[in-house]
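Inspection log for the structure reproduced underneath, given as structure tokens.
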Amino acid sequence: MKAPHTAPRAARRDGALTRVTRDARPFLRARTGTVLRLAGWSLLEFVQTFLGGFGVARALDHGFLAGRPLTGLLWLAVAAVAVLPAQLATRGVFGRLADLVEPLRDGLVRRAVSRALSGALAHPAGTTARSLSQVTHQSEIARDGWAGLVLTLRSFVFTVAGAVAGLLALEPRLLLIVLPPLILGAALFLATLLPMAARQRDYLTADEAYAAHAGKAAADLRDIAAAGAADRTVTESRDLAEDQVRAARSLARWSGVRVVALAVCGRFPPLLLLLGAPWLLRNGLTPGALVGALTYLTQALAPAVQALMTMLSTVGGRLLVVLDRFTDAPPPPAEDESDSQGPPPRDHAPVGELRAVTFAYGPAAHPVLDRLSLTVAPGEHLAVVGPSGSGKSTLAAVLAGVEAPTGGAVLWHGRPVRGADATSVRVLLPQHAYVFTGSLRDNLRYLRPGADDRSIAAMIDALGLDPLLSRLGSLDADLEPDRLSQGERQLVALGRAYLAAPPLTILDEATSRLDPAAETRAERAFAALPGALVVVAHRLSSARRADRILVMDGPRTRCGTSAELLRTSSLYRDLAGLWEPDEEPRRKNGEPEQAPHKSGRGNGFISSPPPSPV
104 MKAPHTAPRA
114 ARRDGALTRV
124 TRDARPFLRA
134 RTGTVLRLAG
144 WSLLEFVQTF
154 LGGFGVARAL
164 DHGFLAGRPL
174 TGLLWLAVAA
184 VAVLPAQLAT
194 RGVFGRLADL
204 VEPLRDGLVR
214 RAVSRALSGA
224 LAHPAGTTAR
234 SLSQVTHQSE
244 IARDGWAGLV
254 LTLRSFVFTV
264 AGAVAGLLAL
274 EPRLLLIVLP
284 PLILGAALFL
294 ATLLPMAARQ
304 RDYLTADEAY
314 AAHAGKAAAD
324 LRDIAAAGAA
334 DRTVTESRDL
344 AEDQVRAARS
354 LARWSGVRVV
364 ALAVCGRFPP
374 LLLLLGAPWL
384 LRNGLTPGAL
394 VGALTYLTQA
404 LAPAVQALMT
414 MLSTVGGRLL
424 VVLDRFTDAP
434 PPPAEDESDS
444 QGPPPRDHAP
454 VGELRAVTFA
464 YGPAAHPVLD
474 RLSLTVAPGE
484 HLAVVGPSGS
494 GKSTLAAVLA
504 GVEAPTGGAV
514 LWHGRPVRGA
524 DATSVRVLLP
534 QHAYVFTGSL
544 RDNLRYLRPG
554 ADDRSIAAMI
564 DALGLDPLLS
574 RLGSLDADLE
584 PDRLSQGERQ
594 LVALGRAYLA
604 APPLTILDEA
614 TSRLDPAAET
624 RAERAFAALP
634 GALVVVAHRL
644 SSARRADRIL
654 VMDGPRTRCG
664 TSAELLRTSS
674 LYRDLAGLWE
684 PDEEPRRKNG
694 EPEQAPHKSG
704 RGNGFISSPP
714 PSPV
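Under my numbering, residues 104 to 717 are what the sequence shown spells out, in order.
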């Protein structure tokens with residue numbers, strides 16, 4: 104199913120210039136008056152360039168070489184005075200520039216916001232941070248790049264026009280020597296624009312991929328070492344680095360072609376003029392005209408060409424890539440074979456199912472899950488227990504679709520897992536709760552923006568968030584994550600998941616920082632919801648509340664009720680021995696829960712720090 108998308112992606116890349124140009128034409132037509140006013144101010148630069156070389160030629164031929172130094176000085180004064188109006192025109196140029204640049208940025212921001220809203224409404228599960236980058240960062244790159252390009256292109260056009268007019272006024276035959284290398288160099292440079300833009304895109308993509316991989320590897324170093332996945336991680340890093348090196352070398356090769364184009368445009372015309380000077384002087388060219396032509400080439404044409412090509416080679420390529428991201432149609436959502444070939448969802452299908460699932464963190468690593476089959480029925484309460492490192496969190500991640508299995512299949516409602524279905528099927532809460540700066544209401548409604556106050560009040564009562572709400576003052580009070588305890592953060596995250604009420608809720612030690620009473624209240628509230636509940640337990644009391652218990656010891660697993668497992672699972676009996684038999688009666692009588700007696704292989708069962716009161 105992936106092959107059909109290859110051609111469209113290539114077409115999008117190769118048509119970047121065409122697409123940007125097509126959108127630019129109506130933008131410029133709507134601002135014809137602004138462009139004409141900008142050109143009017145730029146005419147002063149044309150006059151300055153023309154008088155610069157022409158004045159030098161007349162100063163020599165009609166002044167100093169003719170024995171009239173006063174005339175020569177007057178012509179030099181004319182060339183010098185011509186600089187003043189051009190400098191005064193700078194204010195007018197920048198005033199008109201704002202009328203041309205700011206509307207571009209505003210239009211790009213509107214387009215990004217409109218596309219983000221439309222995409223979010225059409226595909227809520229496919230939202231990304233792309234639009235945020237476009238509004239805040241990429242639009243500013245486009246604005247600054249467009250301003251620099253307009254200034255440089257305007258200066259180039261009127262400087263070249265003034266120099267060509269001056270050469271025609273001095274001696275038309277000069278153009279036979281000057282124009283060919285300029286045209287050749289410009290053609291060579293223009294031929295590099297599209298390949299350079301493509302190479303810059305490839306390099307940025309490779310750089311982003313390597314940076315993302317490096318960041319993930321740095322965050323997961325302990326897990327990589329524990330799972331024996333170091334060799335695989337090193338191989339992936341090497342492959343990504345080689346991709347980046349190849350992209351950089353390709354970009355450097357095209358940069359070399361641009362250097363040649365700059366040399367042809369900027370260095371060849373004066374050299375050819377000097378080589379052809381004897382022939383030109385024998386055929387009527389005056390010494391003043393020769394010096395004036397050199398003035399045009401070295402003081403006007405060469406700097407203008409250099410500035411334009413430098414601008415296009417740096418800012419121009421980046422501007423094209425950025426504008427292409429705004430004009431390019433968003434890629435279609437990834438096609439899933441289950442859309443056309445998968446079985447239709449069954450009314451009584453398990454909300455979550457593992458079919459002979461195997462998972463390992465590297466080709467040479469021992470499997471954490473080994474051909475594990477498991478079903479979670481709608482409304483079921485399943486607890487997962489086992490020593491630290493036995494694969495409980497891995498199971499939660501695979502069941503939630505966060506990690507892809509290395510073997511077997513994961514199903515939601517009888518269909519293969521799809522990323523587009525994630526937010527509508529399950530919520531996975533890890534041990535470290537995510538809380539952001541904002542109001543308490545916004546944090547609680549993060550997964551269900553339309554939740555009303557009645558639903559929020561019912562959730563607060565069910566989970567026991569009243570103390571936190573009282574301390575903050577109201578739902579609209581500002582919430583500062585650093586001023587919340589770990590338990591309070593977990594309560595906020597639990598409230599968020601409770602409001603979402605997905606078909607499948609997975610709590611991966613998401614209540615580890617709550618006291619036993621608060622944990623009991625939270626788990627019973629979730630169990631009362633219509634959806635299924637999977638709890639990675641860190642207390643045996645949590646497991647005893649479940650309908651079924653899955654005991655994990657690496658790839659060895661056993662599933663059943665607490666009574667069944669006490670008879671059939673030595674590991675479960677070992678884990679149960681960590682708690683005193685009268686644990687439940689003490690809690691019912693209001694006595695504090697004591698630390699469990701640790702012994703034997705069960706020492707790693709409590710993998711999280713001691714709970715802090717909320």
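Virtual Cβ for every residue (Gly too), placed ideally from N, Cα, C.
- Taking the Cα positions, L422 is about 16 Å away from P206.
- Note on the stretch 310–344: whole alpha helix (DSSP H) runs with a minimum of 4 residues are 324–330, in chain order.
- With a cutoff of 7 Å on beta-carbon distance, A628 and L566 are scored as near each other.
- T608: member of the beta strand (DSSP E) spanning L607 to D611, first to last residue.
- R548 has its alpha-carbon roughly 22 Å from the corresponding atom of V216.
- In the DSSP annotation of this structure, the continuous segment of the alpha helix (DSSP H) that includes S496 starts and ends at K495 to L502.
- A contact is defined here as three or more CB-CB pairs under 8 Å, and the stretch 283–291 fails this definition with respect to the stretch 164–172.
- The residue among G590, A499 and A621 with its C-alpha nearest the C-alpha of L636 is A499.
- According to DSSP, residue pairing for V639 in a beta bridge involves V487 and D611.
- Rounded to whole angstroms, the Cβ separation of A160 and A392 is 5 Å, and the two are in contact under 8 Å.
- Taking 7 Å as the cut-off, the beta carbon of A266 is found closer than this to the beta carbon of T152.
- Around the Cβ of T540, a 10 Å sphere holds fewer than 16 other Cβ atoms; the residue is exposed.
- The distance from the Cβ of R335 to that of G465 is about 4 Å, consistent with a contact at the 8 Å cut-off.
- For D579, no beta strand (DSSP E) segment is defined, and its DSSP state is neither H nor E.
- Ranking L602, P605, A640 and L632 by CA distance to the CA of T614 puts A640 first.
- Closest option to L154, judged by alpha-carbon separation, among T193, L270, R218 and L131: L270.
- Annotated as distal: S242 and R276, with beta-carbon spacing of 7 Å or more.
- Contact check between the stretch 506–521 and the stretch 456–463: three or more CB pairs, one atom from each, fall below 8 Å, which counts as touching.
- Counting only residues of its own chain and dropping the five nearest sequence neighbours on each side, A554 has a CB closer than 6 Å to the CB of R548 and L602.
- Around the beta carbon of G248, 16 or more other beta carbons lie within 10 angstroms, which makes this residue buried.
- Look at D555 here: in three-state DSSP terms it is coil, with no helix or strand label.
- Using a Cβ distance threshold of 7 Å, Q347 and A321 do not count as a contacting pair.
- Secondary structure at L617: coil, using DSSP grouped into helix, strand and coil.
- Spatial neighbours of A480 in its own chain (CB-CB distance under 8 Å, excluding positions within 5 residues in sequence) are listed in chain order as P453, V454 and A635.
- Straight across, the Cα-Cα distance linking L254 with L296 is about 19 Å.
- C-alpha of L176 to C-alpha of T413: approximately 36 Å in a straight line.
- From the listed residues V123, A192 and D545, the smallest Cα separation to R140 is found for A192.
- Taking the Cα of L415 as reference, the smallest distance to any Cα among M299, V367, A649 and F261 is reached at M299.
- Shown here for I563: same chain residues with a beta carbon closer than 8 Å to its own, the five before and five after excluded, namely D569, L572 and G598 in chain order.
- Note that the C-beta distance between V538 and R474 is not below 7 Å.
- The residue among G156, L668 and L365 with its C-alpha nearest the C-alpha of A290 is L365.
- The shortest CA-to-CA distance from Y313 to any of A245, A344 and D323 is the one to A344.
- Between the C-alpha atoms of R385 and E274 there is a straight-line separation of about 13 Å.
- For A396, there is no enclosing beta strand (DSSP E); the enclosing alpha helix (DSSP H) covers residues P390 to Y399.
- Taken atom to atom, the span from the alpha-carbon of G494 to that of C662 is near 15 Å.
- The Cβ atoms of R302 and W357 sit closer than 7 Å to each other.
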